[in-house]
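Structure record follows, encoded as structure tokens.
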């Protein structure tokens, strides 16, 4: 009888132990499966996340580094306070700084960054405010202390919480330089070309031109020679800028004038100039600052040759009323006498990166 009881107890212990062991194995397997699922989800999220820094601009009219970032992936991006933003640069004394920047919900203080706005190829965020959806662009403002030095260069890294990052370099030329480029910004369903600060030509070269019939005269807005519905209107975002100071601008034109007959017919006949205005985010004009200024004249002997000409304009200053406004520069051609002996045309070269900066269409101050 005692032996039977012992046997029963041993069998019971064996069964209980086996069940406990099986439960432990199953629990471990379940935990492992859950972890594998989490890893798979995270890997999938990472593979669908892509971030591109489109442009880094040291602003001449404000103490900010303005960074434009595009969500090029398939996942939504948010939680900006968990992003890692690192800037490496040299100051005016030549000292190297490598700084991790915390996020600020308002205007950034010293060595902070802010998501200033999100939009879809422009200033308007159509849905889910505060979330960087696929194809949307974020404009970030960075306040460095000390500031980056004049004619200094630097690097910036942005990393999302899941570890996906983008790198870019920047250079501060030490003066204002706005270069006409062929990239596009869409405002109220209308495409404009970009006016880019602190960057030389870097895109696809285009020519903007105006055609004239024999002896036709007058002032004409220039248009893309390959896209005749695209006017030579270039815009520069004013986000992060409170005021455009009064200063003397030098406007450089890389220009070419020719025709089947003589064009220009004489000196002081053919000219290029610009209009300056402020464009609102809804596409309407807020202010016209100047018309037909910074005029350059193409000499008769320059027919059929690419030349670089420049003229100055004393910009009167402007207080920015809305950070989502744009500075706009429109390029025009004008002739007093018109072509002689056939048709003629005048054109500007835009965004030709084979040229040195000194030969590019641009504005400096």
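Residue numbers (the working numbering): 675 to 1039. Just so you know, even glycine gets a beta-carbon here, dropped at the ideal spot from N, CA and C.
Sequence-distant residues of the same chain with beta carbon closer than 7 angstroms to residue i, five excluded per side
i: residue 957; result: 861, 862, 864
i: residue 793; result: 799, 810, 811
i: residue 789; result: 754, 812, 814
i: residue 1046; result: This structure gives no information on residue 1046, because the portion of the chain shown stretches from 675 to 1039.
Buried or exposed by the 16-neighbour rule on C-beta atoms within 10 Å, applied to residue i
i: residue 801; result: exposed
i: residue 722; result: exposed
i: residue 905; result: buried
i: residue 797; result: buried
i: residue 756; result: exposed
i: residue 965; result: exposed
i: residue 680; result: Only weak support is given to the placement of residue 680: the predicted model assigns it a pLDDT of 47, under 50, and the question is left unresolved by the model.
i: residue 826; result: buried
i: residue 1034; result: buried
Three-state secondary structure assigned by DSSP to residue i
i: residue 772; result: strand
i: residue 1031; result: helix
i: residue 1026; result: coil
i: residue 956; result: coil
i: residue 899; result: coil
i: residue 945; result: strand
i: residue 843; result: strand
i: residue 758; result: strand
i: residue 921; result: strand
i: residue 721; result: helix
i: residue 890; result: coil
i: residue 712; result: Interpretation of residue 712 is limited by its pLDDT of 47, a score under 50 that renders its predicted location unreliable; no figure is taken from the coordinates.
i: residue 974; result: helix
i: residue 984; result: strand
i: residue 1014; result: strand
i: residue 913; result: coil
i: residue 905; result: strand
i: residue 810; result: coil
Residues near residue i by beta carbon distance below 6 angstroms, same chain, minus five either side
i: residue 1018; result: 886, 933, 937
i: residue 1026; result: 875, 879
i: residue 998; result: 797, 955
i: residue 908; result: 854, 867, 869, 1003
8 angstroms CB neighbourhood of residue i in its chain, flanking five on each side removed
i: residue 1013; result: 886, 887, 888, 889, 890, 933, 934, 935, 936, 937, 939
i: residue 808; result: 745, 746, 747, 748, 749, 750
i: residue 977; result: 931, 932, 933, 936, 937, 938
i: residue 981; result: 928, 929, 930, 972
i: residue 771; result: 761, 762, 763, 764, 765, 818, 820
i: residue 983; result: 926, 927, 929, 946, 970, 971, 972
i: residue 733; result: 739, 740, 871, 914, 915
CB of residue i within 8 angstroms of CB of residue j, strictly
i: residue 892; j: residue 946; result: no
i: residue 931; j: residue 985; result: no
i: residue 775; j: residue 816; result: yes
i: residue 896; j: residue 1022; result: yes
i: residue 1000; j: residue 912; result: yes
i: residue 832; j: residue 725; result: yes
i: residue 859; j: residue 849; result: no
i: residue 854; j: residue 1024; result: yes
i: residue 914; j: residue 740; result: yes
i: residue 941; j: residue 974; result: yes
i: residue 760; j: residue 842; result: no
i: residue 921; j: residue 844; result: no
i: residue 824; j: residue 846; result: yes
i: residue 1020; j: residue 851; result: no
i: residue 994; j: residue 916; result: yes
i: residue 919; j: residue 735; result: yes
i: residue 752; j: residue 805; result: yes
i: residue 877; j: residue 899; result: no
N-terminal and C-terminal residue of the beta strand (DSSP E) that residue i is part of
i: residue 765; result: Neither: residue 765 is in no beta strand (DSSP E) and is coded neither H nor E.
i: residue 1008; result: 1000-1009
i: residue 728; result: 725-732
i: residue 886; result: 880-886
i: residue 739; result: 739-745
i: residue 789; result: 786-793
i: residue 829; result: 826-833
i: residue 852; result: 851-861
i: residue 798; result: That residue, residue 798, is in no beta strand (DSSP E); it is neither H nor E in DSSP.
i: residue 937; result: That residue, residue 937, is in no beta strand (DSSP E); it is neither H nor E in DSSP.
i: residue 868; result: 864-871
i: residue 1038; result: 1036-1038
Contact test: residue i Cβ vs the ligand COA heavy atom, cutoff 7 angstroms
i: residue 944; result: This structure simply doesn't include the ligand COA, nor any ligand for that matter.
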